[in-house]
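Asker: I'd like to ask some things about the structure below.
There are 2 protein chains.
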Amino acid sequence: MKPSFISLDWGTSSLRAVLVSEEGAVIEARSAAGGVMSVKDRQFEASLHAICSDWIENFGCPIVASGMIGSRQGWVEAPYLDCPATPATAARALTTLQISNRVDMHIIPGLRCGSKTTMYDVMRGEETQIWGADVAPDSVCVLPGTHSKWAFVDEQSRITRFATYMTGELYGLLTKHGILGRLMEFGGSDKEAFVRGAKLGLAQLAQATHVIFAARTAGLTGEVPPAGLPDYLSGILIGVEVASALAAEKVSAERPINVIGDDDLSSRYEAALQLAGLRSVRARDGATIQGHVRVAREAGIVACESA
Amino acid sequence: MKPSFISLDWGTSSLRAVLVSEEGAVIEARSAAGGVMSVKDRQFEASLHAICSDWIENFGCPIVASGMIGSRQGWVEAPYLDCPATPATAARALTTLQISNRVDMHIIPGLRCGSKTTMYDVMRGEETQIWGADVAPDSVCVLPGTHSKWAFVDEQSRITRFATYMTGELYGLLTKHGILGRLMEFGGSDKEAFVRGAKLGLAQLAQATHVIFAARTAGLTGEVPPAGLPDYLSGILIGVEVASALAAEKVSAERPINVIGDDDLSSRYEAALQLAGLRSVRARDGATIQGHVRVAREAGIVACESA
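Those protein sequence lines, which keep their order, are chains C and S.
First residue of the first sequence: 1, per the working numbering; consecutive thereafter.
First residue of the second sequence: 1001, per the working numbering; consecutive thereafter.
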């Protein structure tokens, strides 16, 4: 397979580089812990060379990157693109810099939606995952994570709007630094406690800052054992998120929700969606790489110099 | 004035002791940093003597205590009393221990409401404040704090139900340990940012875990200056709490909400209630002491041995 470009998924905590063929297939994949937050003194170029200098040197491959690398804390700030957005509009808004006087690195813009009068929302990296996940037109996507995203893709496959839920960060803060964590025993898994929490959260979406206190009272009263409390809280927070997102959009029970992610967290969202009476479908793996392929093709980034 | 009993407001972070007269007036008040969490090796009796051994020795005064001192982490666990609850039912459910083989210390039970099928809620200390705040029958009380409480007092002045909102703890966690704090400058005050946040929170009560993300995007887009972001987040969280509490109960705009507390935080709640179109009334100072007086009288704790 002939190399076409280097796909960089450069987020807050990790860096993944993939050499992509002209057909859009993975020739080789590498990963490193060099996320944006762990790069010292802004030595981004050194981190890049550490992971794939050979691809740059040997093939002169251009680079397509997405994620927090384009944030203010990243290498170069790639201004947000307003919704509705597609691979084509993103391809026209790339932020490009030259690497080693030889190849171009193109950073895909993050997206912005909302308004000054209510609130803005932003994403960086998830837009590329959505475009690569090959979701059906006119459907809803959820990308579970520290800051979960719910995005709406219209009939023309445009991302029209999205919303961030701080579910993962709240779970981390409440369990690691807050009073709820004090009654908890960590390390186990309690599916039943998760389901109880999710049902409570789904029913009490408009009482989020109240209902999380159930993870304390259920411990105090012995309703949920200490080892079940972490999953109980996880269920409450994910239940609140799912119900809130569904309340904000009139989501049809006919059409499955696209869950984009490939870890245990996605399974929790699938379970919560099921409890909410909705179907879900897990997106294919490698969504980010396929998103890069789509944007690269729209931008005419098709071949390495010496491939 | 003849001393009648010692009032102890013994919470998580502080200890206040007041020598109360037979008329229910303050003879002398003292405070110490010896909150339940700072007492080492369960040396509660030593902390008590350090603050008021003279009152015990000289007058043989009985003690009435409320707050976290009756929690599992406190001196002796005082089991929760179920709602509806009054000073009279609390007086029949005191947990009593003897101090120095001489005087009795009576711990007022915390309250519990809710149910196994939804969730339980608990309070410790706030019930005493409510009873002492002399609120009108059939009214709503809010006690701002790390864990704010909203309580409902019926025509017979019984606390019928209440709900905890983790507003203060969430504010602390999100600003001290979370990503929202990274864009913030602390130390100032920005009333306008607070009002903007409160309006957003009031309007988006069913989107709490989403709308707090506005405290990041408003910083990224320059909508709110870094020094205004702490108050913006405070407004969002208090707005969400006020709207959620009002949504859970059909609160009449005719009757003012009782705000029980005497600090800057209470002023924020008053501002948010006003933005929600409601009136509020600040409860009198010394509510805890007056709550102790009511329970003490119901329990027949009326005089010191040698007063």
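C-beta: ideal position from N, C-alpha, C; glycine also.
Note that the coordinates shown come from a computational prediction; the quantities given were computed from them, not determined experimentally.
(1) What's the gap between the Cα of GLU1045 (chain S) and the Cα of ILE1159 (chain S)?
(2) Mind pulling the beta strand (DSSP E) runs of 3 or more residues that sit fully within the region 132 to 188 of chain C?
(3) Output the boundary residues of the alpha helix (DSSP H) element that contains VAL242 (chain C).
(4) Could you work out which residue in S:TYR1269, S:MET1068, S:GLN1274 and S:ILE1212 is closest to THR1128 (chain S) when comparing CA atoms only?
(5) Is GLN1204 (chain S) helix, strand or coil when you go by DSSP?
(6) I'd like the span of the beta strand (DSSP E) that includes ALA29 (chain C), first residue to last.
(7) Would you mind reading off the limits of the alpha helix (DSSP H) that contains GLN1274 (chain S)?
(8) Would you grab the beta carbon distance between GLY197 (chain C) and ASP231 (chain C) for me? Rounded to a whole angstrom, and I think it's under 8 Å.
(9) I'd like the list of long-range same chain contacts for GLY132 (chain C), defined as Cβ closer than 8 Å, with 5 residues on each side in sequence excluded.
(10) Quick one: what does DSSP say SER280 (chain C) is sitting in, helix, strand or coil?
(11) Alpha helix (DSSP H) containing ARG216 (chain C): first to last residue?
(12) For GLU74 (chain C), report the span of its beta strand (DSSP E) as first-last.
(13) Identify each residue in the region 239 to 264 of chain C for which the Cβ-Cβ distance to at least one residue of chain D is less than 7 Å, and report them in chain order.
(14) With a threshold of 8 Å between beta-carbons, can ARG184 (chain C) be considered close to chain S, or not?
(15) Spatial neighbours of THR1146 (chain S) within its chain, please: C-beta separation below 7 Å, excluding the five flanking residues on both sides.
(16) Of all the CB atoms in chain C, is at least one closer than 8 Å to the CB of LYS1149 (chain S)?
(17) Helix, strand or coil: how does DSSP classify THR1012 (chain S) here?
(18) Would you list the residues sitting across from ASN258 (chain C) in a DSSP beta bridge?
(19) Determine the DSSP secondary structure at SER1004 (chain S), reduced to helix, strand or coil.
(20) With DSSP run on the structure shown, which of helix, strand or coil describes CYS52 (chain C)?
(21) Note down, in chain order, every chain C residue with its Cβ under 7 Å from the Cβ of VAL1122 (chain S).
(22) Helix, strand or coil for GLY114 (chain C) per DSSP?
(23) Can you tell me whether DSSP reads ILE289 (chain C) as helix, strand or coil?
(24) Can you give the Cα-Cα distance for VAL64 (chain C) and SER31 (chain C), rounded to whole angstroms?
(25) Taking 8 Å as the CB-CB cut-off, is TYR1171 (chain S) touching chain C?
Answerer: Per the coordinate set shown:
(1) Residue mapping note: residue 1045 (chain S) aligns to position 45 of the second sequence, counting from 1. Residue mapping note: residue 1159 (chain S) aligns to position 159 of the second sequence, counting from 1. Answer to the nearest angstrom: the Cα atoms are 31 Å apart.
(2) 139 to 143, 148 to 153 and 159 to 165
(3) Indexing the first sequence from 1 puts residue 242 (chain C) at position 242. VAL242 (chain C) -> alpha helix (DSSP H) spans 229 to 248.
(4) For the purposes of this step, residue 1128 (chain S) is taken as residue 128 along the second sequence, with counting starting at 1. Here the closest residue by C-alpha is S:MET1068.
(5) Counting from one through the second sequence, the residue named residue 1204 (chain S) turns up at place 204. If DSSP states are grouped into helix, strand and coil, GLN1204 (chain S) belongs with coil.
(6) By one-based count along the first sequence, residue 29 (chain C) stands at place 29. Here the beta strand (DSSP E) through ALA29 (chain C) covers 26 to 32.
(7) What you label residue 1274 (chain S) is simply residue 274 of the second sequence in a count that begins at 1. Unbroken alpha helix (DSSP H) run through GLN1274 (chain S): 1264 to 1275.
(8) On the first sequence, position 197 is the one that residue 197 (chain C) refers to. On the first sequence, position 231 is the one that residue 231 (chain C) refers to. Sure, about 7 Å apart at Cβ, within 8 Å.
(9) As a working mapping, residue 132 (chain C) is identified with position 132 in the first sequence. Answer for GLY132 (chain C): GLY286, ALA287, THR288, ILE289, GLN290, GLY291, HIS292, VAL293 and ARG294, listed in chain order.
(10) Sequence index remark: in the first sequence, residue 280 (chain C) carries index 280 (1-based). If DSSP states are grouped into helix, strand and coil, SER280 (chain C) belongs with the strands.
(11) Reading the first sequence from its first residue, position 216 is the one you call residue 216 (chain C). Taken as a continuous stretch (DSSP letters only), the alpha helix (DSSP H) holding ARG216 (chain C) covers 214 to 220.
(12) Here residue 74 (chain C) refers to the residue found at position 74 when the first sequence is read from its first residue. Going by the sequence as given, residue 74 (chain C) is Gly instead of Glu. That residue, GLY74 (chain C), is in no beta strand (DSSP E); it is neither H nor E in DSSP.
(13) Although the question refers to chain D, the structure presented lacks it and instead comprises the protein chains C and S.
(14) Along the first sequence, one-based indexing puts residue 184 (chain C) at 184. Checking the displayed sequence, the identity of residue 184 (chain C) turns out to be Met instead of Arg. Not one chain S Cβ lies under 8 Å of MET184 (chain C).
(15) Reading the second sequence from its first residue, position 146 is the one you call residue 1146 (chain S). Cβ neighbours of THR1146 (chain S) beyond the five flanking positions: GLY1168 and GLU1169.
(16) Position 149 of the second sequence, counting from 1, holds the residue named residue 1149 (chain S). Not an interface residue.
(17) As a working mapping, residue 1012 (chain S) is identified with position 12 in the second sequence. Of the three classes helix, strand and coil, the one that applies to THR1012 (chain S) here is coil, per DSSP.
(18) As a working note, residue 258 (chain C) is residue 258 in the first sequence. C:CYS141 and C:VAL281.
(19) Residue mapping note: residue 1004 (chain S) aligns to position 4 of the second sequence, counting from 1. SER1004 (chain S) falls in the strand class under three-state DSSP.
(20) Stepping through the first sequence from its first residue, residue 52 (chain C) is reached at position 52. Three-state DSSP puts CYS52 (chain C) in a helix.
(21) Reading the second sequence from its first residue, position 122 is the one you call residue 1122 (chain S). Those within 7 Å of VAL1122 (chain S) in chain C are THR217 and LEU220.
(22) Residue numbering aside, residue 114 (chain C) sits at position 114 when the first sequence is read from its first letter. GLY114 (chain C): strand per DSSP, three-state reduction.
(23) Along the first sequence, one-based indexing puts residue 289 (chain C) at 289. ILE289 (chain C): helix per DSSP, three-state reduction.
(24) The residue you call residue 64 (chain C) lines up with position 64 of the first sequence. The residue you call residue 31 (chain C) lines up with position 31 of the first sequence. So the alpha carbons of these two residues sit roughly 15 Å apart.
(25) Walking along the second sequence from the start, residue 1171 (chain S) turns up at place 171. Not closer than 8 Å to any Cβ of chain C, the Cβ of TYR1171 (chain S) fails to qualify, so no.
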